[in-house]
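Here is the structure:
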């Protein structure tokens, strides 16, 4: 299929993912509105099946797409989808109608949705074996296994887990076995000798009868010739008939194997489709490897370009921001014209609003907590039939962290790829601006570390100069009394 086909499939997956995220938030919205919505087995089963369908589409897109940046974004969404499927599987085990059973029966749900059983069949992602990082990890693990197998003198061949006892062992000694073999061999030789004698006697009797007939007819050899010709024709016909019947039975056997699916069809017009798909996939993988190599080189080039062209501007902005913070701290009234003690306080200012909000919330939450504790105490006092040790396990009503990751992936897709026109990108090459944005945080982090070290030195020098100026400052003279 073409690049546009998988692009359309990716777009469809993201739209379905948006719908799933809205469904995931239904319990939390119902709880906020005071409505009763208790998610159960049916709710999680529907989510599980839908996520499986999305996963299979995303896996196909990641396996067949060539664009390196798209494949990386799809890989992030695919990984989050796998995490969510595993979470839902655990929820299904928890809400399973058959308690203490890890097997999930989804037959009724599939029947209601009019889906085939193949929908819930799990397929291992192909990037586990295809990607370069995965291949290196697998090779590393295989090397470790071979090393430890050699250390403990164990065979690298897999153990068939079968009984090592010989099933044909009968518990005989060597002399007893030799005696049995000799006895059977003598019997076999006697049988062969008897067959030879029987055949010889039959031939001799047949020859005598033929000679008697010739003597009775006057010794004419013409009849003997005709009889031998008829015998030869009969034998030839018998051999040919046997060969024709054998061909017919072989043909019937092959047709039976094809019907049972034990042999590939001989004259199937669609038989070459599988081979074409394999060749097409190999060609796609080669294109993906080439595109990834070009993309990695482009990232290095853009990193060097940003360091040369934009490095000075980024460093100047970072210095200006930190110097302005030092000036603000110095001029703040609560500091009393003092410099900050440590430069690390610069990063603490970004956490201050969150701490203030967290400090403001406990006032309201304290009352609610007290009210809940009072209700719990009353409930415990009124329920005498239940054991004191039994407590209900808290259930998470809101969406999990993986669902919040879905929201981030959807926003990223909407920002980067939804309105991007790729109709002229026939070779599916990378986008330079996106590559530049990817390496920008790396350059900024390197420059930030250098700027922070420089600002620590400047802050120490400013403190030193400020202390020296304080010491040198002359004391004002007192006015003389008249």
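Numbering (my numbering), first residue to last: 7 to 488.
We put the beta carbon where it would ideally sit given N, CA and C, even for glycine.
What's the call for residue 233, buried or exposed, on a 16-neighbour Cβ count within 10 Å?
By 1-based counting over the chain shown, the position of residue 233 is 227. With fewer than 16 Cβ atoms within 10 Å of its Cβ, residue 233 is classed as exposed.
Measuring straight from C-alpha to C-alpha, what distance separates residue 281 and residue 138?
Sequence index remark: in the chain shown, residue 281 carries index 275 (1-based). Sequence index remark: in the chain shown, residue 138 carries index 132 (1-based). Computed Cα separation, rounded: 25 Å.
Taking residue 84 and residue 68 to be in contact with their CB atoms under 8 Å, please state how far apart those CB atoms are, rounded to whole angstroms.
Residue 84 sits at position 78 when you count from the first residue of the chain shown. Residue 68 sits at position 62 when you count from the first residue of the chain shown. Confirmed, Cβ separation roughly 6 Å.
Using the three-state DSSP reduction, which class does residue 336 fall into: helix, strand or coil?
Residue mapping note: residue 336 aligns to position 330 of the chain shown, counting from 1. Three-state result, residue 336: helix.
Compare the C-alpha of residue 131 against each of 181, 446 and 58 and name the closest.
For the purposes of this step, residue 131 is taken as the residue at position 125 of the chain shown. Looking at the Cα atoms, 58 is the closest of the given residues.
Expressed to the nearest angstrom, what Euclidean distance is found between the alpha-carbon atoms of residue 172 and residue 180?
Numbered from 1 along the chain shown, position 166 holds the residue referred to as residue 172. Numbered from 1 along the chain shown, position 174 holds the residue referred to as residue 180. The straight-line gap from Cα to Cα measures roughly 16 Å.
Would residue 435 pass as a contact of residue 300 if the rule is Cβ separation under 8 Å?
Position 429 of the chain shown, counting from 1, holds the residue named residue 435. Position 294 of the chain shown, counting from 1, holds the residue named residue 300. Yes, the pair counts as a contact, with Cβ atoms nearer than the cut-off.
Compute the Euclidean distance between the alpha carbons of residue 129 and residue 254, then round it to the nearest angstrom.
In the chain shown, the residue the question calls residue 129 occupies position 123. In the chain shown, the residue the question calls residue 254 occupies position 248. In a straight line, the C-alpha of residue 129 is about 42 Å away from that of residue 254.
Give a yes or no on contact between the region 47 to 66 and the region 88 to 103, applying the rule of three or more CB pairs nearer than 8 Å.
yes
With distance defined between alpha-carbon atoms, name the residue in 423, 190, 431 and 474 nearest to residue 18.
Within the chain shown, residue 18 is the residue found at index 12, counting from 1. Minimum Cα distance to residue 18 is reached at 423.
Within 8 Å, strictly: CB atoms of residue 23 and residue 412
Counted from its first residue, the chain shown places residue 23 at position 17. Counted from its first residue, the chain shown places residue 412 at position 406. Contact: yes.
Please look up how many angstroms separate the CB atoms of residue 416 and residue 20, rounded, as I've assumed it's under 8 Å.
Residue mapping note: residue 416 aligns to position 410 of the chain shown, counting from 1. Residue mapping note: residue 20 aligns to position 14 of the chain shown, counting from 1. Their Cβ separation, rounded to whole angstroms, is 6 Å, which keeps residue 416 and residue 20 in contact under 8 Å.
Let me confirm a value: residue 76 is counted as buried when at least 16 other C-beta atoms fall within 10 Å, else exposed. Which label applies?
Sequence index remark: in the chain shown, residue 76 carries index 70 (1-based). So residue 76 counts as buried.
What number of angstroms, rounded off, separates the C-alpha of residue 62 from the C-alpha of residue 88?
Here residue 62 corresponds to residue number 56 of the chain shown, with the count starting at 1. Here residue 88 corresponds to residue number 82 of the chain shown, with the count starting at 1. When rounded, the distance between both Cα atoms is 10 Å.
Return the Cβ separation of residue 30 and residue 409 in integer angstroms, given the expectation that the two are a contact with Cβ distance under 8 Å.
By 1-based counting over the chain shown, the position of residue 30 is 24. By 1-based counting over the chain shown, the position of residue 409 is 403. Confirmed, Cβ separation roughly 5 Å.
Reference residue 432; option with closest CA among 459, 279, 293 and 447:
As a first step, residue 432 is located in the chain shown; it is residue number 426 there, counting from the start. The candidate whose alpha carbon is nearest that of residue 432 is 293.
Extent of the continuous alpha helix (DSSP H) to which residue 282 belongs:
The sequence position of residue 282 within the chain shown is 276, counting from 1. Unbroken alpha helix (DSSP H) run through residue 282: 278 to 311.
By the three-class DSSP mapping on this structure, what secondary structure does residue 188 have?
Taking the first residue of the chain shown as 1, we reach residue 188 at position 182. Residue 188: helix per DSSP, three-state reduction.
So is residue 110 buried or exposed if we call it buried at 16+ other beta carbons inside 10 Å?
Working through the chain shown from its first residue, we reach residue 110 at position 104. Buried is the call here.
Can you check whether the CB of residue 321 is closer than 8 Å to the CB of residue 445?
Locating residue 445 in the chain shown gives position 439, where the first residue counts as 1. Locating residue 321 in the chain shown gives position 315, where the first residue counts as 1. Cβ distance not < 8 Å, so residue 445 and residue 321 don't count as in contact.
Identify, in the order they occur along the chain, each residue of the same chain with its Cβ nearer than 6 Å to the Cβ of residue 380, setting aside the five sequence neighbours on each side.
Taking the first residue of the chain shown as 1, we reach residue 380 at position 374. The predicted model places residue 380 with a pLDDT of 46, which falls under 50 and marks its position as unreliable; any figure quoted below should be read in that light. Cβ within range, chain order: n/a, list empty.
Can you say whether residue 186 is buried or exposed, counting buried as having 16 or more other CB atoms within 10 angstroms of its CB?
Residue mapping note: residue 186 aligns to position 180 of the chain shown, counting from 1. Exposed.
If you draw a straight line from the alpha carbon of residue 158 to that of residue 81, how long is it in whole angstroms?
Position 152 of the chain shown, counted from the first residue, corresponds to residue 158. Position 75 of the chain shown, counted from the first residue, corresponds to residue 81. Approximately 39 Å, taken between the alpha carbons.
Can you tell me whether DSSP reads residue 208 as helix, strand or coil?
Position 202 of the chain shown, counted from the first residue, corresponds to residue 208. In the structure shown, residue 208 sits in a helix (DSSP, three-state: H, G or I).
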